[in-house]
Structures are given as structure tokens and as C-alpha cells.
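Numbering (my numbering), first residue to last: 197 to 364.
Even for Gly, the Cβ is constructed at its ideal location relative to N, Cα and C.
These notes are about the structure you will find just below.
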């Protein structure tokens, strides 16, 4: 699905976003939520992902998304439909161990993609979604965007909000 991004006119961006802009303008995990048929929601941590998404894989995808430059980040589009692959706790631990073993040191982005590919090969695979169905879902969200571009959430502010949730 190398042409995925071109077909959808979707751009992956750094960080979490309150709503995608008309150019897409989300991180990989936010795009994956929409592609899987869920309503759009900002993702500030993997705990924000629906239960059908693999936490170790989404954590790695988020790390790659946020460490990449704008050009590199677009290579993650081909993984958008593959993240909804949560499996048993044993398989999720195996994925986590696989990733941890290979991501101990800083890796070039392309090497990180290989680790993501390897982790996705472990356990259950995401349902293969028809491109047209994914396109329709993502275009619907993009068409409801309030502005031509998306602005990232202030991550630090959202982090503080998360820490103090329920205290006040």
C-alpha cells in the first residue's frame, strides 16, 4: 500500500492533534483509529487507543512518528491499516520483548521501520481493509476538518492534564 498516502491525501504529522486538518494532519495512531472505523480522537498515549490495537506496536509507531522528519514520517502511512492487531497477553509480551531487544539504541528511521514490520509479523494480523473503505472513512473525517491545516496539541499541557485528572 505504498500509494496509500497519495490516494488519501493524508499527511502524518508530529504529535497528537485535536482534529485533523484538511491535509490529514494526524499522527499514525490517530490515522489508524479512523482507518479502522472508529470516530476520530486525539492520541496522547497508547492507552488512548481502542482495545483492538496492539499497545507495543502502537507505542513503537508513535515513537517512529514523533522521531521522524516530515518526509520520513509519510513512510508510516503504509502501516496505518495494520495496527489494529491486538492479540493475547502472551503475544503482546512477545511483541514488546521483540521491540525492546531491537530498539535499545538509537536506530535510523529505516531500521525502525524494519523493527515495526517484524513486530507486526508476530501474532494476529489486522483485518485486511479494502482501500476504498479506508479512503471513504478518512475522507469523511478530513472533509469535516475545521481548517486547511492541523495544529498539534500542546503535548506538555495535555500531559499535565493527565497527571492531575480526577484530583480537582
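If you count every other CB in all the chains shown that lies within 10 Å of the CB of residue i, and 16 or more means buried, which is it?
i: residue 226; result: buried
i: residue 222; result: buried
i: residue 326; result: exposed
i: residue 312; result: buried
i: residue 291; result: buried
i: residue 322; result: buried
i: residue 232; result: buried
i: residue 357; result: Only weak support is given to the placement of residue 357: the predicted model assigns it a pLDDT of 40, under 50, and the question is left unresolved by the model.
i: residue 206; result: buried
Might you give, ordered along the chain, the residues of its own chain that have their beta carbon closer than 6 Å to the beta carbon of residue i, omitting 5 neighbours on each side?
i: residue 224; result: 208, 257, 261, 272
i: residue 264; result: 305
i: residue 242; result: 251, 254, 255
i: residue 228; result: 276, 279
Pick helix, strand or coil for residue i, following the three-state DSSP scheme.
i: residue 271; result: helix
i: residue 331; result: helix
i: residue 207; result: strand
i: residue 233; result: coil
i: residue 393; result: Shown here, the chain extends from 197 to 364; a query on residue 393 therefore has no answer.
i: residue 222; result: strand
i: residue 239; result: coil
i: residue 255; result: helix
i: residue 294; result: helix
i: residue 318; result: coil
i: residue 336; result: helix
i: residue 249; result: coil
Among residues of its own chain, excluding the 5 on either side of residue i, which ones have a beta-carbon nearer than 7 Å to its beta-carbon?
i: residue 230; result: 236, 333, 334, 337
i: residue 294; result: 314, 315, 318
i: residue 269; result: 208, 261
i: residue 329; result: none
Report all residues from its chain with a CB closer than 8 Å to the CB of residue i; omit the five preceding and five following residues, and keep chain order.
i: residue 282; result: 247, 248, 249, 250, 251, 288, 320
i: residue 259; result: 299, 308
i: residue 390; result: The structure shown has nothing for residue 390, since the chain only spans 197 to 364.
i: residue 303; result: 311
> Is it a yes or a no for the segment 274-284 touching the segment 235-255, going by three-plus beta-carbon pairs under 8 Å?
Replying inline: yes
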